[in-house]
Amino acid sequence: MVFLVTLVLIVVGVSPSAGAPTAYVVNLADGVSVIETGTNTVVTTVTAGTGPQAVAITPDGRFAYVVNLTSNDVSVINTATNTVAATVAVGFGPFGVAITPNGAFAYVTAFGDRCANGGVWVISTATNAVVATVPLAGCTTGVAIAPDGALAYVANNSSSTVSVIETATNHLVLAVPVGSSPQGVAITPDGAFAYVTHSALSGTSANSVSVIETATNTVVATVSVGAVPVGVVVTPNGAFAYVTNSNANTVSMIETATNTVVATLDVGVGPLGIAVTPDGAFAYVTNSNSDSVSVIDTALKTVVTTVPVEVGAGPRGIAIANLDTTPPETSIESGPAEGSLTNSPQAAFTFSGTDDRTPATALGFNCSLDGAAFVACVNPQTYTGLADGQHAFMVRAVDAAGNVDPTPATRTWTVDTTPPDTSLLSGPAEGSVTASVQATFTFAGTDDQTVSSSLTFICILDEVTSAVCASPQTYVGLTEGRHAFTVAAIDAAGNTDSTPATRTWTVDTTPPALSVAATPSALWPPNHQLIEVTVAVSATDNVGVASVVLSKVECSELGQAACPADVIQGADIGTLDTQIFLRSERTGGSERTYTLTYLATDLAGNTVTATATVVVGRLP
């Protein structure tokens, strides 16, 4: 069997300002060569463990995990400084490595001592500690993680199977039978297919690649390639799979739609590892026996470097990192509306973020209230005890690479717990009495935040009927009795005047009771004398008598057009005159009648009249 493997991490969605990607090449000479792909030059070499074999890079490009075959450990390289940040011990014979799409875990294969006690070691990238071990038999080599992170596919070189591991539980789901000596594994971006190389030197599986349909976990195609295929990678668009043929010194280009080889490209001696740039434009191939890296233009299907890029002795695995310098975007989903008024001293906000690499569920957030320093926060974020006045909330997402949204999502609003004031401008006067069964009120309000024209009002009549109202407010068909009108202004924040304007008045449509009696009621003899007549006046009312006045004194005599002008004297019309002088006389033989009319008015303005008569009789 042949133990050669490479792992590739393809990073997409990189902004032009991020610069050219960086290739990390592991060499048996215990070093990791760092190649700047923009110039295809080695910019530094990082010393790792003993016998580096494979490398994978976290989705944010911040760390490279290097598997060291001889020292049985993993070197964690900080790509910003290109120094080893941690060393993690794993099982015997570590060989392959893959990082979950969320960057949380590194899955490291180890084939064990003589293919015994091997399996997968799961490293938490947060702590760089082994958190789980999945025992597997059969010399585990290559490993790849499905794009959704749910499953890991592990090649078992000596058992001719590919193990499928559920990453949530790190339990073995099943083993998929494939050809002999499976070694490298790569999964299409849509997660539909896994491409597995077979490094067998002979037999029916020699020089081939098995295609596993992940929905059924069965081999649906076998593709013939060059001698001893080892490394495999799928382009970011999923259109092609590239396979290194270590004994043929070639790379096979497989069209995934048809699973046919569409090109065979000559590279250096002993090609093993292969990785593709994030844009899919170039493939980088490590040549283990010529100590070089060949650069393939994927569009031209040709090697474009005339002089191989020199690296350390025996280059093996390769991965391409592109530091994530693109910040996430932040959105506020709910909370007080922009520019709104509220009477609540509490505000709760929900928010979310998007990023080109970090899953939305893995983003962190920083929050700031009213210009204070940003602090870490979680969704939802609630503030209590807010003072009256304007407030400003800002939230910014932070991706796994530490990039912070430079344009935080903001929301400004105003807390207003001060109620408005209400004034009655017109209507029945307080405590008044009216005969009208209709009442019209005009009113207005003032507030510290809401302009008067934007205030709303609620009206209450007789402490029973309440409704939203507007000035003027008219009530009709009012019953007799006392009435109370209340109006309260409501501001835009929802505060209601706690001391509303009130007005009480009484409706009275019943006139007063009035009685009058004249003494004497008859004058005799008709001797032409002025006789003083006294009138007794009595007026009562349910709400009160406002006035009683003598409204008129009339004289009438049968058969006469009018009485003489001097027959009534001392009558003070318009006053409560109860002493009047009447002349005791008549013309001819007919009676003369004096009629005294009094007018009573109550407090509501209701009126009533009553009369008393004084007669000058006829001769017997």
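Just so you know, the working numbering puts 588 at position 588 of the sequence shown, and the rest follows in order with no gaps.
The beta-carbon is built from N, C-alpha and C at its ideal position, and this holds for glycine as well.
C-beta contact flag for residue i and residue j at 9 Å
{"i": "V25", "j": "V55", "result": "yes"}
{"i": "T109", "j": "G118", "result": "yes"}
{"i": "N232", "j": "G184", "result": "At residue 232 the sequence reads Val, which differs from the Asn that was named. Closer than 9 Å, so yes."}
{"i": "V209", "j": "V223", "result": "yes"}
{"i": "I274", "j": "T244", "result": "yes"}
{"i": "S123", "j": "T58", "result": "One detail in the question is off: residue 123 reads as Ile in this sequence, not Ser. Cβ distance not < 9 Å, so I123 and T58 don't count as in contact."}
{"i": "A489", "j": "A517", "result": "no"}
{"i": "G49", "j": "A20", "result": "no"}
{"i": "A137", "j": "W121", "result": "no"}
{"i": "F485", "j": "V468", "result": "no"}
{"i": "A376", "j": "F365", "result": "yes"}
{"i": "S290", "j": "G270", "result": "yes"}
{"i": "T330", "j": "F351", "result": "yes"}
{"i": "T504", "j": "D602", "result": "no"}
Three-state secondary structure assigned by DSSP to residue i
{"i": "T58", "result": "coil"}
{"i": "T361", "result": "helix"}
{"i": "S590", "result": "coil"}
{"i": "S436", "result": "coil"}
{"i": "S452", "result": "helix"}
{"i": "T44", "result": "strand"}
{"i": "L599", "result": "strand"}
{"i": "C459", "result": "strand"}
{"i": "L69", "result": "coil"}
{"i": "D113", "result": "strand"}
{"i": "Q579", "result": "strand"}
{"i": "W524", "result": "coil"}
{"i": "T306", "result": "Since pLDDT at T306 reaches only 48, below the 50 mark, its modelled position is unreliable, and the value read off the structure follows with that caveat. Looking at T306 - three-state DSSP - the assignment turns out to be coil, as it is neither helix nor strand."}
{"i": "F282", "result": "strand"}
{"i": "N606", "result": "coil"}
{"i": "N287", "result": "strand"}
{"i": "R411", "result": "strand"}
{"i": "T502", "result": "strand"}
{"i": "D421", "result": "strand"}
{"i": "G445", "result": "strand"}
Contact set for residue i: own chain, Cβ-Cβ below 8 Å, skip 5 residues either direction
{"i": "P525", "result": "S584"}
{"i": "T609", "result": "L514, S551, T597, Y598, L599, A600"}
{"i": "N237", "result": "P189, G280"}
{"i": "I187", "result": "A144, I145, A146, P147, Y153, F193, A194, Y195, T214, V234"}
{"i": "A452", "result": "According to the sequence as given, residue 452 is Ser; it is not Ala. Closer than 8 Å at the Cβ level, and outside the excluded window around S452, lie A444, G445, T446."}
Residue i versus residue j: straight-line alpha-carbon distance, rounded
{"i": "V162", "j": "D405", "result": "42 Å"}
{"i": "V437", "j": "N606", "result": "13 Å"}
{"i": "V134", "j": "V303", "result": "40 Å"}
{"i": "S344", "j": "T502", "result": "27 Å"}
{"i": "A85", "j": "V32", "result": "14 Å"}
{"i": "P641", "j": "P101", "result": "In the structure as shown, the chain begins at 1 and stops at 620. Residue 641 is therefore absent and cannot be evaluated."}
{"i": "A546", "j": "S498", "result": "37 Å"}
{"i": "D399", "j": "V487", "result": "54 Å"}
{"i": "S368", "j": "G314", "result": "53 Å"}
{"i": "T407", "j": "R396", "result": "7 Å"}
{"i": "F105", "j": "T342", "result": "45 Å"}
{"i": "S71", "j": "R357", "result": "32 Å"}
{"i": "A146", "j": "N247", "result": "29 Å"}
{"i": "T354", "j": "P278", "result": "19 Å"}
{"i": "V66", "j": "A373", "result": "39 Å"}
{"i": "A435", "j": "E480", "result": "9 Å"}
{"i": "S521", "j": "G617", "result": "11 Å"}
{"i": "L424", "j": "Y383", "result": "38 Å"}
{"i": "A94", "j": "T286", "result": "Rather than Ala, the amino acid found at residue 94 in this sequence is Pro. One C-alpha to the other measures close to 19 Å."}
{"i": "A401", "j": "L28", "result": "30 Å"}
{"i": "T361", "j": "S466", "result": "49 Å"}
{"i": "A565", "j": "A539", "result": "31 Å"}
{"i": "F92", "j": "Y284", "result": "29 Å"}
{"i": "Q53", "j": "A257", "result": "31 Å"}
{"i": "N68", "j": "G112", "result": "13 Å"}
Chain-order list of residues whose beta-carbon lies under 6 Å from that of residue i (same chain, five-residue window excluded)
{"i": "G203", "result": "S180"}
{"i": "C115", "result": "C139, S158"}
{"i": "Q390", "result": "T414"}
{"i": "V307", "result": "Below a pLDDT of 50, predicted positions are generally treated as unreliable, and V307, at 45, falls in that range; the measurement from the model is reported next regardless. Nothing meets the Cβ criterion."}
Same chain, Cβ closer than 7 Å to residue i, neighbours up to 5 away in sequence not counted
{"i": "D388", "result": "V415, D416, T417, T418"}
{"i": "A89", "result": "N72, D73"}
{"i": "E36", "result": "A20, T22, V43"}
{"i": "P336", "result": "T342, A347, R411, W413"}
9 Å Cβ cutoff, residue i in contact with chain C
{"i": "E36", "result": "This model lacks chain C altogether; it includes just one protein chain."}
**Completely contained alpha helix (DSSP H) runs for the region 183 to 240, where each covers 4 or more residues** = Runs of the alpha helix (DSSP H) spanning 4 or more residues and lying entirely within the region 183 to 240 do not occur at all.
**Item:** Every unbroken alpha helix (DSSP H) within the region 529 to 574, with a cutoff of 4 residues, ordered by chain
**Value:** The DSSP assignment places no complete alpha helix (DSSP H) segment of no fewer than 4 residues inside the region 529 to 574.
**Request:** Write down every uninterrupted run of the beta strand (DSSP E) in the region 153 to 188 whose length is 3 residues or greater and which is fully enclosed by it, in chain order.
**Result:** Counting whole runs of 3 or more residues, the region 153 to 188 contains the beta strand (DSSP E) stretches 161 to 166, 171 to 177, 182 to 187.
**Request:** Any chance you could list the alpha helix (DSSP H) runs of at least 4 consecutive residues sitting entirely within the region 313 to 376, in chain order?
**Result:** You should have found no qualifying run.
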